[in-house]
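Structure first, then comments.
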Amino acid sequence: MVDKKTRITRVDRRENGANQVDEFMAGLEHPLKPQIEALRAVILGADPRIDESIKWNAPSFFIEEHFATFNLRPANSLQVVFHTGAKPREDVTELEIDDPSGLLTWVAKDRAVATFSDGQDVESKKDAVEAIVKQWIEQTGR
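Going by our numbering, the letters in the sequence shown line up with residues 353 to 494, in that order.
Below, the structure is given as structure tokens:
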């Protein structure tokens, strides 16, 4: 007998994740909410394979596994943490991300943080964020 359980397809996950993030954002009270939305659009637009969900109480982005997550705790700034998962991975070599704007602060060989202070800062670094996302995906396969 064939099991008739509903299969969750990639499209379903994308819709569910996006809906989850949309609901989260609708209820979010953060002084930099417009900048969070702007960066969310930049990250999602960097590669059509990118999906999103809520992880660690913030929007998080993935292809097969999560690779970038907002840190919304500092109210006076906005951070995007680029990573290879929740825990450091021994199999990841040091990443070589071209970052001419100096946007990234490296906190480990497989983890870097991009910090933004305000709307102008976000606007001026959108192209750099998109380039970093593309390189991160290429080098980590995430």
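Glycine is no exception: its CB is placed at the ideal position from the N, C-alpha and C atoms.
Using the C-alpha atoms, what's the distance from residue j back to residue i?
{"i": "Ile415", "j": "Lys407", "result": "14 Å"}
{"i": "Glu442", "j": "Ala460", "result": "12 Å"}
{"i": "Leu396", "j": "Glu404", "result": "8 Å"}
{"i": "Asn423", "j": "His382", "result": "12 Å"}
{"i": "Ala438", "j": "Ala370", "result": "21 Å"}
{"i": "Pro440", "j": "Ile402", "result": "22 Å"}
{"i": "Ala378", "j": "Ala410", "result": "12 Å"}
{"i": "Gln372", "j": "Arg425", "result": "19 Å"}
Over what stretch of residues does the alpha helix (DSSP H) that includes residue i continue unbroken?
{"i": "Arg425", "result": "Per DSSP, Arg425 belongs to no alpha helix (DSSP H) and is neither H nor E."}
{"i": "Lys439", "result": "Looking at the DSSP string, Lys439 is not in any alpha helix (DSSP H), and its letter there is neither H nor E."}
For residue i, I'd like the list of residues in its chain whose CB is within less than 6 Å of its CB, leaving aside the five on either flank, ordered along the chain.
{"i": "Thr457", "result": "Val465"}
{"i": "Phe376", "result": "Ile406"}
{"i": "Asp374", "result": "none"}
{"i": "Glu490", "result": "none"}
When the distance is taken between beta carbons, is residue j closer than 8 Å to residue i?
{"i": "Ala420", "j": "Val485", "result": "yes"}
{"i": "Pro386", "j": "Gly471", "result": "yes"}
{"i": "Ala427", "j": "Leu455", "result": "no"}
{"i": "Val474", "j": "Leu380", "result": "no"}
Quick check on the DSSP output: the beta strand (DSSP E) that includes residue i runs from which residue to which?
{"i": "Lys385", "result": "First-last for Lys385: Lys385 to Gly397, but that is the alpha helix (DSSP H), not the beta strand (DSSP E)."}
{"i": "Trp458", "result": "Leu456 to Ala460"}
{"i": "Lys478", "result": "Not the beta strand (DSSP E): Lys478 falls in the alpha helix (DSSP H), residues Lys478 to Thr492."}
{"i": "Arg463", "result": "Arg463 to Phe468"}
In chain order, what residues of the same chain have a beta carbon less than 8 Å from the beta carbon of residue i, not counting five sequence neighbours either side?
{"i": "Ser429", "result": "Leu384, Thr467, Phe468 and Ser469"}
{"i": "Trp488", "result": "Phe419, Ala420, Phe434, Leu447, Ile449 and Arg494"}
Starting from the C-beta of residue i, find all residues in its chain whose C-beta is less than 7 Å away, skip the five residues before and the five after it, and write them out in chain order.
{"i": "Glu446", "result": "Lys461"}
{"i": "Ala398", "result": "Glu482, Val485 and Lys486"}
Give the single residue among the options whose Cα lies nearest to the Cα of residue i.
{"i": "Ser412", "options": "His382, Val432 and Ala398", "result": "Val432"}
{"i": "Ser453", "options": "Pro440, Phe434 and Ser476", "result": "Ser476"}
{"i": "Lys478", "options": "Val373, Asp374, Asn409 and Ile388", "result": "Ile388"}
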